[in-house]
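Order-wise, the sequence lines are chains A and B. The working numbering numbers the first residue of the first sequence as 5 and each following residue consecutively. The working numbering numbers the first residue of the second sequence as 5 and each following residue consecutively. All C-beta atoms, glycine included, are put in the ideal place defined by N, C-alpha and C.
Number of protein chains: 2
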Amino acid sequence: MTDKEPGVKESMVCDCYKCELKDLFYRNITDIALDSICERKFETIFRKGESIISEGDEILHFSYLKSGLAKIFRLSQNKEQIIAITRPMDFIGILGILTSKTYNYSVMALEDSVTCNMDIELVRNICQTNNNFTFSLFEKVSHIYDKIVIEGIKIRQKHLRGRVSYILLMFANEIYFSNKFELPLTRKEIAEFIGMTTENVIRVFSEFRKDGLIRISGKTIEILDKNRMDNISNFG
Amino acid sequence: MTDKEPGVKESMVCDCYKCELKDLFYRNITDIALDSICERKFETIFRKGESIISEGDEILHFSYLKSGLAKIFRLSQNKEQIIAITRPMDFIGILGILTSKTYNYSVMALEDSVTCNMDIELVRNICQTNNNFTFSLFEKVSHIYDKIVIEGIKIRQKHLRGRVSYILLMFANEIYFSNKFELPLTRKEIAEFIGMTTENVIRVFSEFRKDGLIRISGKTIEILDKNRMDNISNFG
DNA sequence: CGCGGCTTTGATGTTCATCAAGTAAAGTGG
DNA sequence: CCACTTTACTTGATGAACATCAAAGCCGCG
């Protein structure tokens with residue numbers, strides 16, 4: 005997060021002692037260490053569409069998403085490839101936050117978002133002296149990676165209809181906790197996530213609509229027949 | 005590694021103080037801790053084709069591949085999906101070695117192989133008390149994961165010819181360090197690695213042979229025109 | 001209001017999986 | 001060690017799944 009980034013610093017920050025990440029931090033860190041992080045942390049606001057991280061940027065902060073939604077992606081062969089959707093309380097930049105000098109991925113806000121940023125050197129110092137902390141972090145990062153790898157395998161084994169229903173169910177079940185939601189991704193981005201073309205994403209949407217599986221109104225999607233969607237996701 | 009596994013314990017084990025993993029262990033661990041691991045470690049021999057780990061097995065040891073070659077794979081929808089090829093000095097089981105109770109992946113020997121196995125509880129104890137060690141391990145595991153994710157993305161963006169040349173170059177450049185080598189995978193396994201059918205792997209092999217790119221004799225492959233192979237791998 | 005990006009649909013062609021059928025190689029039991 | 005079985009390899013023919021191309025409507029934004 006360098007100066008030229010569009011993110012805006014926010015003055016209303018929350019109390020670290022009440023942070024939802026306390027499982028990771030509060031439990032494993034002394035009050036003194038926590039205080040030293042807290043007084044230097046800051047929050048940043050990103051509007052929908054703004055870049056949070058660009059591949060190659062120097063890593064200066066240990067950041068997590070406080071609210072909103074973001075996509076993690078890589079540029080490969082002039083094509084964006086979306087690797088994962090980052091939800092609140094997820095770390096930003098995942099890999100190499102501690103071990104690399106620069107980011108390996110780009111991150112962009114899909115909705116208005118707020119990140120909380122801590123000095124990376126301070127966090128590295130805590131790692132040097134507090135292995136409970138390091139271990140917890142290790143555990144969390146491992147699970148994130150594992151999910152990415154396994155999800156990638158599962159998605160690619162499916163046909164187009166299966167991929168689309170998989171991602172729609174993901175939004176409904178894991179992100180918005182509702183059968184009706186606003187798609188945070190364009191059709192093109194969905195295509196970049198699940199490895200198909202924009203046109204075919206739209207075509208499958210239309211098929212699902214004609215089959216009475218979903219209702220579409222612009223970016224608003226409502227899943228009407230979850231059972232059949234589950235079947236298509238699992239066996240399509 | 006339970007009793008029913010085919011691996012055979014080996015009595016001739018090497019000196020931990022001269023272990024190639026000393027960067028990870030020796031540098032970060034006291035002699036006493038190292039000694040306590042060493043006297044309880046053991047090595048296991050696996051013949052080509054034998055199972056080293058099965059998905060769901062309880063994790064009892066922290067193991068690495070001392071010699072040989074192995075494939076890491078998952079069973080998904082009755083299909084094997086090869087995730088990575090493990091080379092000497094790579095860890096076995098990667099994810100969750102420290103944090104999970106059971107393995108998330110299966111591992112099978114592709115060549116006669118030897119693993120070195122340490123008591124997982126002992127290693128976990130070291131993690132509890134030695135954060136240099138934990139940090140080094142964290143770093144190594146992160147890089148392994150990163151490579152898997154990026155490699156997966158790259159392979160799937162290519163057409164069939166590009167995928168096949170990519171994997172052949174991988175064997176030549178990163179595993180056997182020679183343009184002529186014995187393929188450790190069957191055609192079917194190659195297909196499972198790069199997401200295509202067995203028939204098409206064979207078809208592309210035949211095309212490459214007719215185009216004078218490679219010479220094939222059973223499992224022996226020789227890359228004749230590396231420049232053109234590089235091009236196909238990068239732009240195919 | 002007009003421009004560019006997003007969305008939609010149809011027509012067309014290519015890539016690739018599937019099916020079939022046969023050969024070679026490798027393991028198995030008498 | 002040889003007949004037998006199984007697994008791996010190979011090639012061709014066919015069709016399905018999917019990408020690409022083309023054209024037009026829509027929507028937000030300067």
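| contact_flag[the stretch 122-133 of chain A, the stretch 52-59 of chain A] where n(CB pairs < 8 Å) is 3 or more | With the cut-off at 8 Å, the stretch 122-133 of chain A and the stretch 52-59 of chain A do not touch.
| request: Within the same chain, show all residues whose beta-carbon is closer than 6 Å to that of THR6/B, passing over the 5 residues directly before and after it, in chain order. | output: Annotation note: pLDDT 39 at THR6/B (below 50); position unreliable, no value reported.
| How is SER210/A classed by DSSP in three states: helix, strand or coil? | Note: SER210/A maps to helix in three-state DSSP.
| query | Helix, strand or coil for TYR170/A per DSSP? | reply | Judged by DSSP in its simplified three-state form, TYR170/A adopts helix.
| If we cut at 8 Å on Cβ distances, does GLU155/A have a partner in chain B? | Closer than 8 Å: no.
| query | If you check the beta carbons only, do TYR109/A and ILE63/A fall under 8 Å apart? | reply | Cβ atoms of TYR109/A and ILE63/A: not closer than 8 Å.
| query | So, using beta-carbon positions, are ILE179/A and ARG191/A closer together than 8 Å? | reply | In this structure, ILE179/A lies away from ARG191/A, with their beta-carbon atoms at least 8 Å apart.
| said: Could you compute how far the alpha carbon of GLU9/A sits from the alpha carbon of ILE86/A? | reply: Per-residue confidence for GLU9/A stands at a pLDDT of 48, beneath the threshold of 50, marking its modelled position as unreliable; the derived number appears in the next sentence. Their Cα atoms are separated by approximately 21 Å.
| Would a C-beta distance cut-off of 8 Å place SER237/A and GLY156/A closer than the cut-off? | No, Cβ-Cβ distance for SER237/A and GLY156/A is not below 8 Å.
| query | CB-CB under 7 Å to GLU247/B, same chain, minus the five flanking residues each way: which ones, in chain order? | reply | Only positions 5 to 240 of chain B appear in the structure, and residue 247/B is not among them; the question remains open.
| request: For the stretch 146-165 of chain B and the stretch 196-204 of chain B, state whether three or more C-beta atom pairs, one from each stretch, are separated by less than 8 Å. | output: The stretch 146-165 of chain B makes contact with the stretch 196-204 of chain B; the number of CB pairs closer than 8 Å reaches 3 or more.
| task | Pair every Cβ in the stretch 35-53 of chain A with every Cβ in the stretch 75-84 of chain A, then say whether three or more of these pairs are closer than 8 Å. | result | The stretch 35-53 of chain A vs the stretch 75-84 of chain A: no contact.
| Complete runs of the alpha helix (DSSP H) confined to the stretch 79-123 of chain B [at least 4 residues] | Taking only runs of at least 4 residues, no alpha helix (DSSP H) segment lies wholly in the stretch 79-123 of chain B.
| request: Look at the alpha carbon of VAL145/A and the alpha carbon of ILE171/A, and state the distance between them as a whole number of angstroms. | output: The straight-line gap from Cα to Cα measures roughly 22 Å.
| query | Leaving out five residues before and five after GLU226/A in sequence, what residues of the same chain have Cβ atoms less than 7 Å from its Cβ? | reply | Answer for GLU226/A: ASN183, LYS184, ILE218 and ARG219, listed in chain order.
| Short CB-CB distance (under 8 Å) between GLY199/B and chain A | Answer yes: the Cβ-Cβ gap between GLY199/B and chain A drops below 8 Å somewhere.
| field | 8 Å Cβ cutoff, THR103/A in contact with chain B | value | Taking Cβ atoms only, chain B reaches closer than 8 Å to THR103/A, which makes this a yes.
| Alpha carbon to alpha carbon, how far is SER15/B from PHE142/B? | Since pLDDT at SER15/B reaches only 49, below the 50 mark, its modelled position is unreliable, and the value read off the structure follows with that caveat. If you take the alpha carbons of SER15/B and PHE142/B, they lie about 31 Å apart.
| Who are the neighbours of VAL145/A on chain B, taking C-beta pairs under 9 Å? | Simply PHE142, VAL145, SER146 and TYR149.
| said: Per DSSP, what are the beta-bridge partners of TYR68/A in this structure? | reply: Answer by DSSP bridge pairing, in chain order: PHE95/A and CYS120/A.
| said: Against LYS158/B, what residues of chain A qualify as contacts under a CB-to-CB distance less than 7 Å, listed in chain order? | reply: Neighbours of LYS158/B on chain A, chain order: SER80.
| field | Sheet register partners of SER221/A (DSSP bridge) | value | Answer by DSSP bridge pairing, in chain order: THR224/A.
| LYS184/B: first and last residue of the uninterrupted alpha helix (DSSP H) it sits in | Careful: LYS184/B lies outside any alpha helix (DSSP H), inside the beta strand (DSSP E) at 184-186.
| query | Could you give the residue range of the beta strand (DSSP E) that holds MET55/B? | reply | According to the sequence displayed, residue 55/B carries Ser and not Met. Run containing SER55/B: 55-57, per the beta strand (DSSP E) assignment.
| field | Burial state of LYS70/A, where buried means 16 or more other Cβ atoms lie within 10 Å | value | By the neighbour-count rule (16 or more Cβ atoms within 10 Å), LYS70/A is buried.
| Interface residues of chain B around ILE96/A at Cβ under 7 Å? | Correct list: empty, because the minimum Cβ distance to chain B is about 15 Å.
| request: Reducing DSSP to helix, strand and coil, say where THR6/A ends up. | output: At THR6/A the pLDDT is 41, less than 50, meaning the model places this residue with poor confidence and gives no usable figure here.
| field | Close-in-space but distant-in-sequence residues of the same chain around MET93/B (CB under 6 Å, 5 per side omitted) | value | If we look at MET93/B and ignore the five residues flanking it on each side, its Cβ neighbours are GLU24.
| Where THR201/B sits in the DSSP three-state scheme | DSSP places THR201/B in coil when its eight states are reduced to three.
| DSSP-derived helix/strand/coil call for ILE130/A | DSSP places ILE130/A in helix when its eight states are reduced to three.
| ASN121/B vs LYS45/B beta-carbon contact at 8 Å | Cβ distance < 8 Å, so ASN121/B and LYS45/B count as in contact.
| What in chain A is Cβ-close to THR133/B, meaning under 8 Å? | At a beta-carbon threshold of 8 Å, the residues of chain A lying near THR133/B are ASN135, ordered along the chain.
| Expressed to the nearest angstrom, what Euclidean distance is found between the alpha-carbon atoms of ALA88/B and ILE96/B? | Using only the alpha carbons, I get a separation of about 11 Å.
| To the nearest whole angstrom, what separates the beta carbons of ALA74/B and SER117/B, a pair I think is in contact under 8 Å? | About 6 Å separates the two Cβ atoms, so the contact holds.
| query | Does DSSP classify ILE63/A as helix, strand or coil? | reply | In the three-state reduction of the DSSP assignment, ILE63/A falls in the coil class.
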